[in-house]
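Asks:
Protein chains: 2
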Amino acid sequence: MGESVLRKENISDAVIRRLPRYYRQLSELRARGITRVSSLSLGREMGITASQIRQDFSCFGEFGQQGYGYHVRELCEEIGRILGVDRNHHLILVGVGHLGHALLQNFPFGKCGFTVDAAFDVAPGVIGATVNGVTVRGMGDMEAWLGKNPVDVVVLTIPREVAQSVADRLVSLGVRGFWNFTNVELSSANPEVKFENIHFADSLLTLSYRIAND
Amino acid sequence: MGESVLRKENISDAVIRRLPRYYRQLSELRARGITRVSSLSLGREMGITASQIRQDFSCFGEFGQQGYGYHVRELCEEIGRILGVDRNHHLILVGVGHLGHALLQNFPFGKCGFTVDAAFDVAPGVIGATVNGVTVRGMGDMEAWLGKNPVDVVVLTIPREVAQSVADRLVSLGVRGFWNFTNVELSSANPEVKFENIHFADSLLTLSYRIAND
């Protein structure tokens, strides 16, 4: 801790996906006033073995101290930095239907390190409105607006039929990160473009399995 | 295939969470008209090694044939059965705000094997309405309604402040499965009760990491 963070190449997808879970768990421990935690008890709360935790953290440097465990606040902040919550990423939301509204009104973008700069939609009834401080603009203004206000991420909450064509249009405008709620597997010929998909069905099917088998 | 499915005890959480992804991928292959797939090419599309796939499937019996690969339709149907999509589970949604509306209108509950029997809310403006064929009832009617119409799962799309108290009330009414969108870690003293949490933030933070590090 406090030392420069070593980033190994080729960190596996599974490790990267556990980082936000560690961050969430450590944030909760912090909120509960807990200052130190062992890999054993952190793992127990998360259903992960202690050795898995030590192995995961070893991808990013040395976080713990033998016999002492982890310093909760420092580890939480360090993982936050690795995840980029201190980078102030900029974001727009495209598609202000029910789901788009719900995210604008309730999702803590700021806590995740994102500023919502604007929202876009095609419906005249919603264009010009302000949702939780965010102005909704017409899709026709997207080119001009993004030309002046580059963003890191676009939240896609549009109908699946138009998902790929809108994504293509945004990629051509320089967008490289998509938080994709359309339930369509999007793709881009540009390997720099990252798609992060929310698959609600995967979660419900996991629950379906559990209520039938556990 | 065609033989009875052997279910091993203590299948790990990681394996269970991969099942819906296999199901989704195989459903897509089916839709593309592909009839056979090797563990190698299935893995390549999913970012999973072939040996991991064989190991995962071995938890549930023998699905493939040496040198032939997997029969896409049969494997898809078998995993669907393991996940319970053929069980016709019953479900209600509690909290018809923007997110609840979005799920009722757009989420394919039927494809996941769930029938939405009713929705509940406290707001007089929405009680009595019908959203995509589902009647919205008052929360005060929940006891009487669930007494006559037991359900397997409740979708919780209510404010976080009331999440645990509403969950407790539903557990006391016999509910054992919760699809939890409240971003609160819910708990129950009853070990039979399963909570499946959707953590939007974990997904956005994974994207945040990727756009900064890949």
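Top line first, the protein sequences correspond to chains A and B. Per the numbering used here, the first sequence starts with residue 15, numbered consecutively. Per the numbering used here, the second sequence starts with residue 15, numbered consecutively. Yeah, the Cβ is synthetic: ideal placement off N, Cα and C, and Gly gets one too. It should be emphasised that the depicted structure is a prediction, and the values quoted were computed from it without experimental measurement.
1. Have a look at A/Met60 and B/Arg31 and give me their C-alpha separation to the nearest angstrom.
2. Counting only beta-carbon atoms, is A/Arg38 nearer than 8 Å to chain B?
3. In chain B, which residues lie with their C-beta within 8 Å of the C-beta of A/Ile225?
4. With DSSP collapsed to three states, give me the class of A/Tyr37.
5. Please check if any C-beta of chain A sits within less than 8 Å of the C-beta of B/Cys126.
6. Going straight from the alpha carbon of B/Val167 to that of B/Phe192, what length do you get?
7. Measuring only between beta-carbons, confirm whether A/Leu184 sits less than 8 Å from chain B.
8. Only counting the same chain, and skipping five residues up and downstream in sequence, which positions put a Cβ closer than 7 Å to that of A/Tyr37?
9. Is there a C-beta anywhere in chain B that falls below 8 Å from the one on A/Leu107?
10. Is the shortest distance between the beta-carbon of A/Gln119 and the beta-carbons of chain B less than 8 Å?
11. Secondary structure at B/His253, three-state DSSP: helix, strand or coil?
12. Apart from the five residues just before and just after A/Gly109, which ones in its own chain have a Cβ nearer than 7 Å to its Cβ?
13. On the CB-based measure, 16 or more other CB atoms within 10 Å of its CB, does A/Asn194 come out buried or exposed?
14. Exposed or buried, what is A/Ile48 when buried is set at 16 or more other beta-carbons lying within 10 Å of its beta-carbon?
15. If you count every other CB in all the chains shown that lies within 10 Å of the CB of A/Gln39, and 16 or more means buried, which is it?
16. For B/Ile30, go through chain A and note every residue whose CB falls closer than 8 Å to its CB, in chain order.
17. On the CB-based measure, 16 or more other CB atoms within 10 Å of its CB, does A/Pro205 come out buried or exposed?
18. Where do the N-terminal and C-terminal ends of the beta strand (DSSP E) with B/Phe192 fall, by residue?
19. Which residue spans inside the segment 58 to 95 of chain A form an unbroken beta strand (DSSP E) run of at least 3?
20. Run down chain A in chain order and give the residues with a C-beta less than 8 Å from the C-beta of B/Asp216.
21. Does any C-beta atom of chain A lie closer than 8 Å to the C-beta of B/Gly111?
22. Report the three-state DSSP secondary structure of B/Val185 (helix, strand or coil).
23. B/Val165 and B/His104: beta carbons closer than 8 Å?
24. Check whether the segment 175 to 183 of chain A and the segment 113 to 130 of chain B are in contact - that is, three or more C-beta pairs closer than 8 Å.
25. By the 10 Å Cβ neighbour count, where 16 or more other Cβ atoms means buried, how is A/Thr220 classified, buried or exposed?
26. How big is the Cα-Cα spacing for A/Ala158 and B/Gln66?
27. Starting from A/Ala158 and walking both ways along the alpha helix (DSSP H), at which residues does that stretch end?
28. Are the beta-carbon atoms belonging to A/Gly83 and A/Ser41 less than 8 Å from one another?
29. Please report the straight-line C-alpha distance between B/Val140 and A/Ala132, rounded to a whole angstrom.
30. In the DSSP assignment, the alpha helix (DSSP H) including B/Ala116 goes from what residue to what residue?
31. So A/Leu113 packs on B/Leu113, CB below 8 Å; how close in whole Å?
32. If you draw a straight line from the C-alpha of A/Val145 to the C-alpha of A/Leu218, how long is it?
33. Would you mind reading off the limits of the beta strand (DSSP E) that contains B/Ala268?
Replies: This is what the structure holds:
1. Taking the first sequence and counting its residues from 1, one reaches residue 60 of chain A at position 46. Taking the second sequence and counting its residues from 1, one reaches residue 31 of chain B at position 17. Going from the Cα of A/Met60 to the Cα of B/Arg31 covers about 15 Å.
2. Within the first sequence, residue 38 of chain A is the residue found at index 24, counting from 1. Yes - at least one Cβ of chain B is within 8 Å of the one on A/Arg38.
3. In the first sequence, counting from the first residue as 1, residue 225 of chain A sits at position 211. Under the 8 Å cutoff, chain B gives Gly98, His103, Asp166, Val167, Arg190, Gly191, Lys208.
4. Translated into the one-based positions of the first sequence, residue 37 of chain A becomes position 23. Of the three classes helix, strand and coil, the one that applies to A/Tyr37 here is helix, per DSSP.
5. Here the question's residue 126 of chain B lines up with position 112 in the second sequence. Yes, because at least one Cβ of chain A sits closer than 8 Å to the Cβ of B/Cys126.
6. Looking up residue 167 of chain B in the second sequence gives position 153. Looking up residue 192 of chain B in the second sequence gives position 178. Their Cα atoms are separated by approximately 5 Å.
7. In the first sequence, counting from the first residue as 1, residue 184 of chain A sits at position 170. No, A/Leu184 lies away from the interface with chain B (no Cβ there is under 8 Å from its Cβ).
8. Translated into the one-based positions of the first sequence, residue 37 of chain A becomes position 23. So the qualifying residues of the chain are Cys90, Ile93, Gly94, Leu97.
9. If you number the first sequence from 1, residue 107 of chain A lands on position 93. No - not a single Cβ of chain B is within 8 Å of the one on A/Leu107.
10. The residue you call residue 119 of chain A lines up with position 105 of the first sequence. For A/Gln119, the answer is yes, since a Cβ of chain B falls inside 8 Å of its Cβ.
11. The first residue shown for chain B is 15 and the last is 228, placing residue 253 of chain B beyond what the model contains.
12. Walking along the first sequence from the start, residue 109 of chain A turns up at place 95. Only Asp135, Leu170, Thr171, Ile172 meet the Cβ criterion.
13. The sequence position of residue 194 of chain A within the first sequence is 180, counting from 1. Buried: at least 16 other Cβ atoms inside 10 Å.
14. For this step, residue 48 of chain A is matched to residue 34 along the first sequence. By the 10 Å Cβ count, A/Ile48 comes out exposed.
15. Within the first sequence, residue 39 of chain A is the residue found at index 25, counting from 1. Label assigned to A/Gln39: buried.
16. Here the question's residue 30 of chain B lines up with position 16 in the second sequence. What B/Ile30 touches in chain A: Thr220, Tyr223, Arg224.
17. For the purposes of this step, residue 205 of chain A is taken as residue 191 along the first sequence, with counting starting at 1. The residue in question, A/Pro205, is exposed, as its Cβ has fewer than 16 Cβ neighbours within 10 Å.
18. Position 178 of the second sequence, counting from 1, holds the residue named residue 192 of chain B. Residues 191 to 194.
19. none
20. On the second sequence, residue 216 of chain B is found 202 positions in, with the first residue counted as 1. Going along chain A in sequence order, the residues near B/Asp216 (Cβ under 8 Å) are Arg31, Pro34, Arg35, Arg38.
21. Locating residue 111 of chain B in the second sequence gives position 97, where the first residue counts as 1. Yes, because at least one Cβ of chain A sits closer than 8 Å to the Cβ of B/Gly111.
22. Here the question's residue 185 of chain B lines up with position 171 in the second sequence. DSSP places B/Val185 in helix when its eight states are reduced to three.
23. Residue mapping note: residue 165 of chain B aligns to position 151 of the second sequence, counting from 1. Residue mapping note: residue 104 of chain B aligns to position 90 of the second sequence, counting from 1. Yes. Within cutoff.
24. no
25. As a first step, residue 220 of chain A is located in the first sequence; it is residue number 206 there, counting from the start. It is buried - the Cβ of A/Thr220 has at least 16 other Cβ atoms within 10 Å.
26. Residue 158 of chain A sits at position 144 when you count from the first residue of the first sequence. Residue 66 of chain B sits at position 52 when you count from the first residue of the second sequence. Looking at the two C-alpha atoms, the distance is approximately 47 Å.
27. Counting from one through the first sequence, the residue named residue 158 of chain A turns up at place 144. From DSSP, the alpha helix (DSSP H) with A/Ala158 extends over 156 to 162.
28. For the purposes of this step, residue 83 of chain A is taken as residue 69 along the first sequence, with counting starting at 1. For the purposes of this step, residue 41 of chain A is taken as residue 27 along the first sequence, with counting starting at 1. Going by C-beta atoms, A/Gly83 is not nearer than 8 Å to A/Ser41.
29. Start at 1 with the first residue of the second sequence, and residue 140 of chain B comes out as number 126. Start at 1 with the first residue of the first sequence, and residue 132 of chain A comes out as number 118. Approximately 29 Å, taken between the alpha carbons.
30. Sequence index remark: in the second sequence, residue 116 of chain B carries index 102 (1-based). First-last of the alpha helix (DSSP H) with B/Ala116: 112 to 120.
31. Indexing the first sequence from 1 puts residue 113 of chain A at position 99. Indexing the second sequence from 1 puts residue 113 of chain B at position 99. Right, their Cβ atoms sit about 7 Å apart.
32. The residue labelled residue 145 of chain A in the question sits at position 131 within the first sequence. The residue labelled residue 218 of chain A in the question sits at position 204 within the first sequence. Cα-Cα distance, rounded: 29 Å.
33. Any question about residue 268 of chain B goes unanswered here, given that chain B covers just 15 to 228.
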